[in-house]
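This report concerns only the one structure given below.
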Amino acid sequence: VKTGNLAQYSYRFTGGEKLVELGEKDCYVPLSREAFVEALEFEKEGIIPEWQQKIMNERYAEKKAEEALKELTQSTDD
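Below, the structure written as C-alpha coordinates:
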(Lines of atoms letter the chains of each structure in order from A and count residues from 1; the text may use other names and numbers.)
(Lines give C-alpha, C1' and ligand atoms only; values in the text may rest on other atoms or scores of the structure.)
Protein backbone atom coordinates (compact mmCIF):
# COMPACT_ATOMS: atom_id res chain seq x y z
CA VAL A 1 0.00 0.00 0.00
CA LYS A 2 1.63 3.20 -1.10
CA THR A 3 0.79 6.19 1.05
CA GLY A 4 4.10 7.97 0.59
CA ASN A 5 4.91 7.45 4.27
CA LEU A 6 7.52 5.19 5.84
CA ALA A 7 6.33 1.68 6.63
CA GLN A 8 6.72 1.39 10.38
CA TYR A 9 4.33 -1.47 11.03
CA SER A 10 4.06 -5.10 9.97
CA TYR A 11 0.48 -6.16 9.34
CA ARG A 12 -0.43 -9.84 9.22
CA PHE A 13 -3.18 -10.23 6.67
CA THR A 14 -3.63 -13.97 6.82
CA GLY A 15 -5.16 -15.95 9.62
CA GLY A 16 -3.19 -18.24 11.81
CA GLU A 17 -3.35 -19.88 15.18
CA LYS A 18 0.01 -18.56 16.37
CA LEU A 19 0.32 -15.09 17.85
CA VAL A 20 3.41 -14.41 15.72
CA GLU A 21 4.47 -16.21 12.54
CA LEU A 22 8.25 -15.88 12.48
CA GLY A 23 9.84 -15.81 9.06
CA GLU A 24 6.53 -15.98 7.24
CA LYS A 25 7.04 -13.28 4.63
CA ASP A 26 3.90 -14.33 2.81
CA CYS A 27 1.77 -13.49 5.87
CA TYR A 28 2.94 -9.95 6.56
CA VAL A 29 3.06 -6.67 4.67
CA PRO A 30 4.86 -3.46 5.74
CA LEU A 31 2.47 -0.53 6.26
CA SER A 32 2.65 3.09 7.32
CA ARG A 33 0.75 4.06 10.46
CA GLU A 34 -2.09 5.50 8.38
CA ALA A 35 -2.44 2.34 6.29
CA PHE A 36 -2.05 0.10 9.37
CA VAL A 37 -4.90 1.83 11.23
CA GLU A 38 -7.06 1.60 8.10
CA ALA A 39 -6.26 -2.11 7.76
CA LEU A 40 -7.30 -2.73 11.37
CA GLU A 41 -10.59 -0.92 10.79
CA PHE A 42 -11.29 -3.02 7.70
CA GLU A 43 -10.41 -6.16 9.68
CA LYS A 44 -12.89 -5.27 12.44
CA GLU A 45 -15.61 -4.83 9.81
CA GLY A 46 -14.70 -8.11 8.10
CA ILE A 47 -13.73 -6.36 4.87
CA ILE A 48 -10.77 -7.42 2.73
CA PRO A 49 -9.38 -4.33 1.01
CA GLU A 50 -8.53 -4.51 -2.69
CA TRP A 51 -4.78 -4.09 -2.05
CA GLN A 52 -4.82 -6.98 0.41
CA GLN A 53 -6.67 -9.26 -2.00
CA LYS A 54 -4.17 -8.39 -4.72
CA ILE A 55 -1.20 -9.29 -2.50
CA MET A 56 -2.87 -12.52 -1.40
CA ASN A 57 -3.53 -13.49 -5.03
CA GLU A 58 0.06 -12.69 -6.05
CA ARG A 59 1.54 -14.70 -3.19
CA TYR A 60 -0.81 -17.60 -3.85
CA ALA A 61 0.27 -17.63 -7.51
CA GLU A 62 3.94 -17.52 -6.48
CA LYS A 63 3.45 -20.42 -4.08
CA LYS A 64 1.66 -22.51 -6.73
CA ALA A 65 4.44 -21.77 -9.25
CA GLU A 66 7.09 -22.85 -6.73
CA GLU A 67 5.18 -26.08 -6.03
CA ALA A 68 4.84 -26.81 -9.75
CA LEU A 69 8.55 -26.18 -10.32
CA LYS A 70 9.47 -28.41 -7.40
CA GLU A 71 7.20 -31.17 -8.72
CA LEU A 72 8.69 -30.82 -12.20
CA THR A 73 12.27 -31.02 -10.96
CA GLN A 74 11.43 -34.04 -8.81
CA SER A 75 9.90 -35.87 -11.78
CA THR A 76 12.96 -35.19 -13.95
CA ASP A 77 15.25 -36.49 -11.20
CA ASP A 78 13.50 -39.89 -11.25
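Going from the sequence shown to this note's numbering is simple: count from 1 and add 225.
Every residue gets a Cβ at the ideal spot worked out from N, C-alpha and C, and that includes glycine.
Query	Result
Where E275 and A293 are concerned, what is the direct C-alpha to C-alpha distance, given to the nearest angstrom?	27 Å
Measure the alpha-carbon distance for L256 versus K269 and round it to whole angstroms.	17 Å
In angstroms, rounded to a whole number, what distance separates the CA positions of L228 and K289?	Per the sequence presented here, residue 228 reads as Thr, with Leu not at that position. Cα-Cα distance, rounded: 30 Å.
Pick out the complete beta strand (DSSP E) segments inside the segment 248 to 292, 3 residues or longer, and give them in chain order.	253 to 256
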